[in-house]
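Chains W and L are the protein sequences, given in the same order.
Residues in the first sequence are numbered consecutively from 315, following the working numbering.
Residues in the second sequence are numbered consecutively from 315, following the working numbering.
Down below is the structure, laid out as structure tokens.
2 protein chains.
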Amino acid sequence: MARPPSPLLSVEAIVDAALVLVDETGDFSFPKVARRIGVSQSALYNRIDNREHIIELMRGRLFSDQVIPPLEGLPWDEALRVLVRAYRDGFAEHPRLVPLLVSQTVQDLGVVGLYENIAITLERAGLEQAHIGPAIATIDYLALGAALELTAPAVVWSPPAGEFPALHRATALSESVEQRAEAAFAFGLDVLVAGVRVKASHNFF
Amino acid sequence: MARPPSPLLSVEAIVDAALVLVDETGDFSFPKVARRIGVSQSALYNRIDNREHIIELMRGRLFSDQVIPPLEGLPWDEALRVLVRAYRDGFAEHPRLVPLLVSQTVQDLGVVGLYENIAITLERAGLEQAHIGPAIATIDYLALGAALELTAPAVVWSPPAGEFPALHRATALSESVEQRAEAAFAFGLDVLVAGVRVKASHNFF
DNA sequence: ACCTGAACACCGTTCAAGT
DNA sequence: ACCTGAACACCGTTCAAGT
Numbered sequence: 315m316a317r318p319p320s321p322l323l324s325v326e327a328i329v330d331a332a333l334v335l336v337d338e339t340g341d342f343s344f345p346k347v348a349r350r351i352g353v354s355q356s357a358l359y360n361r362i363d364n365r366e367h368i369i370e371l372m373r374g375r376l377f378s379d380q381v382i383p384p385l386e387g388l389p390w391d392e393a394l395r396v397l398v399r400a401y402r403d404g405f406a407e408h409p410r411l412v413p414l415l416v417s418q419t420v421q422d423l424g425v426v427g428l429y430e431n432i433a434i435t436l437e438r439a440g441l442e443q444a445h446i447g448p449a450i451a452t453i454d455y456l457a458l459g460a461a462l463e464l465t466a467p468a469v470v471w472s473p474p475a476g477e478f479p480a481l482h483r484a485t486a487l488s489e490s491v492e493q494r495a496e497a498a499f500a501f502g503l504d505v506l507v508a509g510v511r512v513k514a515s516h517n518f519f
Numbered sequence: 315m316a317r318p319p320s321p322l323l324s325v326e327a328i329v330d331a332a333l334v335l336v337d338e339t340g341d342f343s344f345p346k347v348a349r350r351i352g353v354s355q356s357a358l359y360n361r362i363d364n365r366e367h368i369i370e371l372m373r374g375r376l377f378s379d380q381v382i383p384p385l386e387g388l389p390w391d392e393a394l395r396v397l398v399r400a401y402r403d404g405f406a407e408h409p410r411l412v413p414l415l416v417s418q419t420v421q422d423l424g425v426v427g428l429y430e431n432i433a434i435t436l437e438r439a440g441l442e443q444a445h446i447g448p449a450i451a452t453i454d455y456l457a458l459g460a461a462l463e464l465t466a467p468a469v470v471w472s473p474p475a476g477e478f479p480a481l482h483r484a485t486a487l488s489e490s491v492e493q494r495a496e497a498a499f500a501f502g503l504d505v506l507v508a509g510v511r512v513k514a515s516h517n518f519f
């Protein structure tokens with residue numbers, strides 16, 4: 315077999331296979347993706363440019379099938395919560411992909427659309443123009459971090475009881491990874507909304 | 315040469331070499347570390363266990379030579395600012411190391427000491443016990459994210475002007491990477507302090 | 001146009017062998 | 001105890017060759 319009548323390969327199949335591997339093992343490789351599809355390793359280069367390209371395609375997949383509910387009726391703080399949650403949920407569906415994303419720049423346009431909505435909402439909040447970029451960055455850190463938390467093992471710091479009393483008290487109420495990640499994200503989101511409110515109110519004086 | 319009278323190798327030399335490589339190239343490898351020290355690749359395994367071990371040793375290095383000023387006299391919000399800045403500055407000295415750190419759990423005890431100080435300060439702020447863990451996680455996200463920002467290229471989203479007006483306005487005031495990272499961190503820190511204040515005040519009602 | 005197979009320059013880790 | 005060199009099972013990427 316050299317040139318089949320209908321192509322054996324598609325970009326979609328490559329991204330599918332890579333995403334399955336990342337979900338299962340935390341990483342992917344060309345040999346494994348190729349084996350999973352049943353094609354030779356070098357054939358992948360007919361559809362994609364390189365490893366980075368596959369990662370960027372996976373990032374796009376995270377947000378492509380996301381439905382954002384209408385935000386018109388909502389006050390800015392509710393709208394902001396919806397958007398930041400949607401952003402976090404995108405990452406949280408494939409948490410083991412996040413470490414591969416952080417060392418690479420965003421190129422996907424679907425993600426940029428989500429950013430635009432967040433920027434609009436922050437303008438509605440009354441945040442001054444110079445603070446909107448920094449606010450989006452902060453939201454980025456929160457969403458990425460909260461998703462990363464999902465990949466962490468059950469106990470994070472495991473502080474020696476006697477030496478670090480305050481930390482020991484804080485981690486004593488230990489739950490599942492999911493509960494801990496959700497609690498951290500919920501707290502971060504509350505802090506964000508409260509902080510943006512305070513920042514925005516400074517504009518009125 | 316097989317067994318030299320005094321060892322050619324030390325853990326310190328390995329961590330030094332790996333850190334230089336990460337700073338310069340964003341990654342390190344056993345062959346490159348060994349070549350830089352002038353020793354064979356397999357000799358490294360006399361001092362360290364594996365690749366993860368080297369990464370964890372580099373994480374420790376970030377905070378080992380950090381001097382934290384005394385916090386006794388300070389109000390909780392000032393103290394919190396000092397600690398979170400110290401945490402961020404630790405990462406910021408070797409920003410290209412951060413992507414290697416995010417997929418691995420914290421084992422270094424110097425870092426845990428910093429966490430303890432933050433936990434104490436959050437207790438002083440009046441934050442309820444159940445919120446201290448989530449608050450530390452949020453601080454983690456902020457510090458890691460702000461350091462990651464330093465590795466990003468100059469333009470992050472580069473939004474097509476017409477299609478994403480709000481985002482275009484927000485990114486129009488573009489500065490250097492360092493300025494942008496600092497602005498984002500400063501905003502995030504303000505939001506954090508304001509948010510913690512709001513959260514803590516709920517305990518008084 | 002679309003695939004295979006071989007080739008190349010890289011990895012991390014193990015292990016027998018030397019002193 | 002401490003090092004070397006060879007070996008192994010992996011990588012990402014390129015390219016000539018086939019239809």
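Every residue, glycine too, gets a C-beta built ideally from N, C-alpha and C.
Residue nearest to residue i in terms of C-alpha spacing, selected from the options
i                : options                                   : result
Glu477 (chain W) : L:Leu333, L:Leu456, L:Leu376 and L:Leu428 : L:Leu428
Phe499 (chain L) : L:Ile369, L:Val398, L:Pro318 and L:Thr339 : L:Val398
Val353 (chain W) : W:Val336, W:Ser324, W:Asp341 and W:Glu338 : W:Ser324
Phe501 (chain L) : W:Ala475, W:Ala486, W:Gly447 and W:Leu462 : W:Gly447
Asn431 (chain L) : L:Leu388, L:Leu394, L:Asp363 and L:Arg365 : L:Leu394
Ile368 (chain W) : W:Leu388, W:Val396, W:Ala331 and W:Pro319 : W:Ala331
Glu370 (chain L) : L:Glu386, L:Val412, L:Leu487 and L:Pro321 : L:Val412
Ala495 (chain W) : W:Asn517, W:Leu481 and W:Ala461           : W:Ala461
Leu385 (chain L) : L:Ile328, L:Ile434 and L:Phe342           : L:Ile434
Ala466 (chain L) : L:Ser490, L:Pro383 and L:Ala486           : L:Ser490
Leu487 (chain W) : L:Ala444, L:Leu487, L:Leu436 and L:Glu366 : L:Ala444
Ala327 (chain L) : L:Pro318, L:Thr339 and L:Ala357           : L:Ala357
Glu392 (chain L) : L:Leu415, L:Arg438 and L:Leu481           : L:Arg438
Val381 (chain L) : L:Val396, L:Gly387 and L:Pro389           : L:Val396
Val329 (chain L) : L:Glu366, L:Pro321 and L:Pro318           : L:Glu366
Leu441 (chain W) : W:Pro321, W:Ala457 and W:His516           : W:His516
Asn364 (chain L) : L:Ser343, L:Pro321 and L:Ser417           : L:Ser343
Gly459 (chain W) : W:Leu481, W:Pro473, W:His482 and W:Leu415 : W:Leu415
Pro389 (chain L) : L:Pro473, L:Gln418, L:Leu436 and L:Arg361 : L:Leu436
Thr419 (chain W) : L:Glu492, L:Glu463 and L:Pro321           : L:Glu463
Ile351 (chain L) : L:Ala484, L:Thr339 and L:Leu322           : L:Leu322
Residue-level contact to chain W via CB, residue i, 8 Å cutoff
i                : result
Pro413 (chain L) : yes
Tyr401 (chain L) : no
Leu462 (chain L) : yes
Pro448 (chain L) : yes
Gln493 (chain L) : no
Ala331 (chain L) : no
Leu428 (chain L) : no
Val347 (chain L) : no
Gly424 (chain L) : no
Gly459 (chain L) : yes
Ile434 (chain L) : yes
Glu386 (chain L) : no
Min CB distance residue i to chain L below 8 Å
i                : result
Leu371 (chain W) : no
His396 (chain W) : Correcting the residue type first, residue 396 (chain W) is Val in the shown sequence and not His. Cβ-Cβ to chain L under 8 Å: no for Val396 (chain W).
Phe405 (chain W) : no
Pro473 (chain W) : yes
Gly374 (chain W) : no
Lys513 (chain W) : yes
Val336 (chain W) : no
Phe501 (chain W) : yes
Gly440 (chain W) : no
Thr419 (chain W) : yes
Val505 (chain W) : yes
Ala393 (chain W) : no
Gly476 (chain W) : no
Asp454 (chain W) : yes
Gln355 (chain W) : no
Arg483 (chain W) : yes
Checklist entry - Three or more C-beta pairs closer than 8 Å, one from the stretch 373-386 of chain L and one from the stretch 398-415 of chain L: is that the case here? => result yes
Next on the checklist: For the pair the stretch 502-519 of chain L and the stretch 490-508 of chain W, tell me if three or more CB-CB distances fall below 8 Å.
Outcome noted: Yes, they touch.
Next on the checklist: Would you call the stretch 412-432 of chain L in contact with the stretch 477-493 of chain W, where contact means no fewer than 3 C-beta pairs closer than 8 Å?
Outcome noted: yes
Item to check | Segment contact flag, the stretch 437-453 of chain L with the stretch 385-404 of chain W, C-beta cutoff 8 Å, min 3 pairs | outcome: no
Checklist entry - Looking at C-beta atoms only, is the number of pairs between the stretch 345-359 of chain L and the stretch 321-335 of chain L that lie closer than 8 Å three or more? => result yes
Next on the checklist: So within the stretch 384-446 of chain L, which uninterrupted alpha helix (DSSP H) runs reach at least 4 residues, ignoring any that extend past its ends?
Outcome noted: 390-406, 412-415 and 423-439
Item to check | Contiguous beta strand (DSSP E) assignments of at least 3 residues, all confined to the stretch 332-372 of chain W | outcome: none
Item to check | Complete runs of the alpha helix (DSSP H) confined to the stretch 454-486 of chain L [at least 4 residues] | outcome: 479-486
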